[in-house]
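Residue numbers (the working numbering), protein chains in the order written: chain R, -16 to 683; chain L, -16 to 683.
What follows is the structure in structure tokens.
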């Protein structure tokens, strides 16, 4: 059976609409859950208001930024307006704006539902763990379905209207550039608040987490939403779109006949739509078992989704006569994703040796907590990097026999395979901050110890699952950016073809321009993450000073005198202002260096530059995410009564480790993916310009 | 004027002998300095004995290891004994053993003089800062002259006898494999002792550094010798030999006539000999100015050496009619080395912003010390990596017009340029641990506060200069391993030529085997450094327990009762046993993974693998060395009375930072260079085997 391009577009749109339906159903379901605790409504209202204010101010800045970029795109891309076809420039600028707008919308939807679901989940916990879990999960699933539905819909519409994969690159660049800043801004906000609240509250004063006396406590909960919900959503929106864009760019250059090309494009959309469908089935079927283990419930539905996806795509391949080899590449991507997730789990799970070793090392003081965490974090990069390397190698070799160009297409399809279940991943990821918030609300609403125990358990499951999904996300991003490197070469060669220049056959490491790019490119993710962490560092110092001021100046606050409340909004304001100030420079730096390298060394230097970015980006992202998760769980392990338990010296040391790990895992680590993606997309979009204008043109 | 190969060999040997003369002169001079303090003689004797015992046990293990490797080389390299020319196998095995033996000898000489110079420098400090400086510096210079003289002599003899650059690779591999383990073993020993002594002494009990009551104090001083003298010497012996080996391998494949080739080989030896000569003049002229600033004296003689070298090589180039372009590449290497040194200085000097920022951040607790130090450490990689990238690009393009193959030869000569002043660098580097030891001896010998002030100043100058020389060393290693990548390709192609296989033209990143190697290779330095740091971590925990035991069980120790001495040798024994246990696995891991990648993916995978190693190795080495140096100086900055001074919370936090930084900068960071060099040499030596036997042979 054959399916036409139009047929597949309709299918994609239908599945997108279906996912919106699921999102809407869950949203209504969450909204109608019981809510009658006044204190929770009040605090929840603060959180909701704070999140929305931050988002509004952030988007106001980003809208101006996106406007400037859109004008530049219109003037210069894909070719300077005076030398090319103006229609193409308009198309790309519009696609870019659409990308930013849809990404922003997805973030907004996430905040909208998360700041309701948190209150409902807190109150549902009074009825038991199962109903509370369901509220948290379904709240997260609204985000999951909305993000993936929007991204599929956006890519489909842009491609169906233009028939041009380069326009999809423009759309993808829009999504990425928004994600870059949303992730950085949200990441700085959330960790500023988290670190400051912990440092003064837990370490100095010894008051519990989420204690309402702490002036930073609301800011901390706002941070969970703007960082882990809105920022994370923008990030995965971006990854998903980038993976599709890379696959489409390469599909455009495949095969000798239009039918071949069309068949590959159909396959990309078909697999993407089936991935979303599988995730929709997965989230609809998610329920906690009788034993009430939330980790099992989350991981269980993830695995179910992967199986459904594998079966559905196999059926589609058989039905529509797609290449089985490409299906194989996709399946490999999926499989390796699972393996990477399991490896991440090993390094961050408190049942395993690394966490327990770090907890034990904490007894000798914080220096040992940090050293052993750094060491295990560095060790943890091996299985994931080897996994990504192996899956790329296998996907390449499986697809190479189909014909020229299919090998790299195979890698991009492996990335699509890993990302196929992204709807499920986002649902799991957004579940985390919702139940984290619910825990805070239960504490501040005075729902009692039994409810706190339940929310603690839900929260801890969120942390564990996060490690797995993060491994997945980094792996998928790794494969995507490898595919984007292929897309870059495709773009260079199609531009070279148009200009009558010689096509390039690859990027030879022994070419000094490539090597030059490689070394400079490797430094960029390091500098980028350093700038973000310094942002958190500076910002948190300001906030710590403010918290100290409030505890000193507001009488009765420390003692918890009735009716005395801290000035929450001052802390929210510090976090907001600081995050917005620090959010632009790091992202801008990475874009500017890309332009410098491109205009100095041309496309060969950029090939090396992207590779350097990929290699050091993966290394640092895996290191930071895993060591951060490890420290977090080592602290929880000590708090559970091991190595001296709460209040012991080991605990104090473990808190230091956790504080170091916070910006590692929630600010810098996950932003690196986005940074590398943006750099890759900028390169692909600028390919024509780099080819025409560069200092070393004659060395290439 | 022309000079023959034999002429240049004689010149090299003469300069080597001259440097031995300088070393002997300094050694005698140091020995005849006054010494009459009994307590110092006693403690100094302990240190000397401890160092020698460790060295003996270490070398015993390494001799067995080297024996096994030599047998394997004899059986399999450069080709399996049953299929090649047995004479070549014997040559290589003998060259390998010679490399290990000379490297070990250089380390032994260093220990011999350093453990005398430390006592003499302590007593000389009673007469003032200038005499004490001279003792420390000349003690270090013995090591500097001995190491570089031995390496030049060794390479000259091996090459003159065999006329075969591959034999020099074997010699270099011997030096590297010894350096790998000596650096790792010494690094683990020294930081185990240092960290444990500080943690219990300074942090827990608040007793001063080098207090004789501290059971780990002698082990700490032994560590300075076995880690920073013997280990560092082996490391730079290795770098120097590797740079010459890479240049020689490439010179062998250059030019169309034998005369061309010969002229290039003569140039390599000539520049190396002139580098040693310049260093000899530099160390002979080193004296402290009237103002008595030791940092200026050390840096001043470094800069003098670079100028002398530039002038001498220019004269030789003019006299012997060498290519001026190659001289240009060498000069660029030298210049960029200086720039990298200055950049490292910025990030680690306490007059500059990074150190002061970290000191200020320490007021908010140790987590901020760690976070801001990590951030600045990550930032610091950019100037150095960009500098290395730029110098490689320039050297390549300057030399490319000479003819085919000269471009890569230019890079190797840039590396030689950076390493030309290695004799001076080692002298400066070995000065550090000698005056550090002198400080300890002055404290334990009760020489009074005025003497301590002098030794403190000398010690602090050693730390500052270390940052500059470390930047230099890493930069040179970076260029050397780029050149080794070229050497690897040369070896592959000469093997391919012999076997009638197609020559390779480079390593294309878009080749999935190259990419596979790249990702796996990038993970190796991370895993390697993690293993070393975990070694320190585990070992230090054992030693901390032992120190606690002694303070609890030995009555009167804590109170400093007269006549009560701790059991120093127990701590030395723990450090020794632990270091020897942890020293083999990390090095072996990196060699085994290289073999795996080579036998799976062949030469293309290895090309990528080496590149991945270089990129992530440079990134991590720079990050670790600089952040470690930064934390050390931030602590000293606080101790000098800033941000609350000694005993304040900021000080406690800064000590945590310093403790984290210790294994960063003295165990893992500097070992990474050696690890990458070893991997590069293994690859070059195994080139023929990887070409013939690999799983993916038909994918290449």
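Just so you know, even glycine gets a beta-carbon here, dropped at the ideal spot from N, CA and C.
Item to check | Per-residue DSSP class, three states only, for residue 68(L) | outcome: coil
Checklist entry - Opposite residue 491(R) in the DSSP bridges: which residues? => result According to DSSP, which records beta bridges pairwise, residue 491(R) is partnered with 491(L).
Next on the checklist: Distance check for residue 16(L) and residue 3(L), CA to CA, integer angstroms please.
Outcome noted: Computed Cα separation, rounded: 20 angstroms.
Next on the checklist: With a threshold of 8 angstroms on Cβ separation, who are the neighbours of residue 514(L) within its own chain once the five nearest residues in sequence on each side are excluded?
Outcome noted: Counting only Cβ-Cβ distances below 8 angstroms, and skipping sequence neighbours, we find 565, 568, 569, 572.
Item to check | Coil, strand or helix - residue -16(L) by DSSP | outcome: Looking at residue -16(L) - three-state DSSP - the assignment turns out to be coil, as it is neither helix nor strand.
Next on the checklist: Check whether the segment 461 to 472 of chain R and the segment 381 to 400 of chain R are in contact - that is, three or more C-beta pairs closer than 8 angstroms.
Outcome noted: yes
Next on the checklist: Just checking: is the beta-carbon of residue 490(L) within a distance shorter than 8 angstroms of some beta-carbon in chain R?
Outcome noted: yes
Checklist entry - In chain L, what lies closer than 7 angstroms to residue 371(R) by C-beta? => result 502
Checklist entry - So what's residue 200(R) in DSSP terms, helix, strand or just coil? => result In the structure shown, residue 200(R) falls within a helical segment according to DSSP collapsed to helix, strand and coil.
Checklist entry - Do residue 460(R) and residue 498(L) have their C-beta atoms within less than 8 angstroms of each other? => result no
Checklist entry - Using a Cβ-Cβ cut-off of 6 angstroms (strictly less than) and excluding sequence neighbours within five positions of residue 252(L), which residues of its own chain qualify? => result If we look at residue 252(L) and ignore the five residues flanking it on each side, its Cβ neighbours are -9, -5.
Checklist entry - By Cβ distance, which residues of its chain are closer than 7 angstroms to residue 207(L), with the 5 residues on each side in sequence left out? => result 173, 416, 419, 420
Checklist entry - Is there at least one Cβ from chain R nearer than 8 angstroms to residue 586(L)'s Cβ? => result no
Checklist entry - Do residue 72(R) and residue 64(R) have their C-beta atoms within less than 8 angstroms of each other? => result Yes, Cβ-Cβ distance for residue 72(R) and residue 64(R) is below 8 angstroms.
Next on the checklist: Any C-beta of chain L within less than 8 angstroms: which residues of the segment 176 to 202 of chain R qualify?
Outcome noted: So the close ones are 178, 182, 186.
Item to check | Short-range partners of chain R found in the segment 150 to 176 of chain L, where Cβ spacing is below 8 angstroms | outcome: none
Next on the checklist: Using beta carbons (cut-off 8 angstroms, strictly below), is residue 384(L) in contact with chain R?
Outcome noted: With 8 angstroms as the cut-off, residue 384(L) does not count as an interface residue toward chain R.
Checklist entry - Terminal residues of the continuous alpha helix (DSSP H) containing residue 345(R)? => result DSSP places residue 345(R) outside any alpha helix (DSSP H), giving it a letter other than H or E.
Checklist entry - Rounded to a whole number of angstroms, what is the C-alpha to C-alpha distance between residue 149(R) and residue 74(R)? => result 10 angstroms
Next on the checklist: Is it the case that the segment 362 to 369 of chain R contacts the segment 321 to 334 of chain R, given that we only count it when at least three CB pairs across the two stretches are under 8 angstroms?
Outcome noted: yes
Next on the checklist: What would DSSP say about residue 645(R), mapped onto helix, strand or coil?
Outcome noted: helix
Checklist entry - When you compare each of 202(R), -13(R), 46(R) to residue 553(R) by their alpha carbons, which one comes out closest? => result 202(R)
Checklist entry - Roughly how many whole angstroms lie between the Cα atoms of residue 383(R) and residue 393(R)? => result 8 angstroms
Checklist entry - Using 8 angstroms as the limit for Cβ to Cβ distance, is residue 286(L) near chain R? => result no
Next on the checklist: Could you compute how far the alpha carbon of residue 44(R) sits from the alpha carbon of residue 255(R)?
Outcome noted: 32 angstroms
Checklist entry - With distances taken between CB atoms, is the gap from residue 642(L) to residue 425(R) smaller than 8 angstroms? => result no
Item to check | Contact list for residue 599(R) against chain L, beta-carbon separation under 7 angstroms | outcome: 598, 599, 602
Checklist entry - Can a CB atom of chain R be found closer than 8 angstroms to the CB of residue 348(L)? => result yes
Checklist entry - Using a C-beta to C-beta distance shorter than 8 angstroms, which residues of chain L count as neighbours of residue 344(R)? => result Simply 520, 524.
Item to check | Segments assigned beta strand (DSSP E), at least 3 residues, entirely inside the segment 328 to 404 of chain R | outcome: none
Checklist entry - Below 8 angstroms between beta carbons: does that hold for residue 225(R) and residue 159(R)? => result yes
Item to check | Short Cβ contact (8 angstroms threshold) for residue 20(L) with residue 428(L) | outcome: yes
Checklist entry - Does residue 516(L) have its Cβ less than 8 angstroms from a Cβ in chain R? => result yes
Checklist entry - For chain R, is any of its Cβ atoms less than 8 angstroms away from the one on residue 338(L)? => result no
Item to check | Alpha carbon of residue 243(R) to alpha carbon of residue 307(R), nearest angstrom | outcome: 14 angstroms
Item to check | Local conformation of residue 173(L) per DSSP, three classes | outcome: Helix at residue 173(L).
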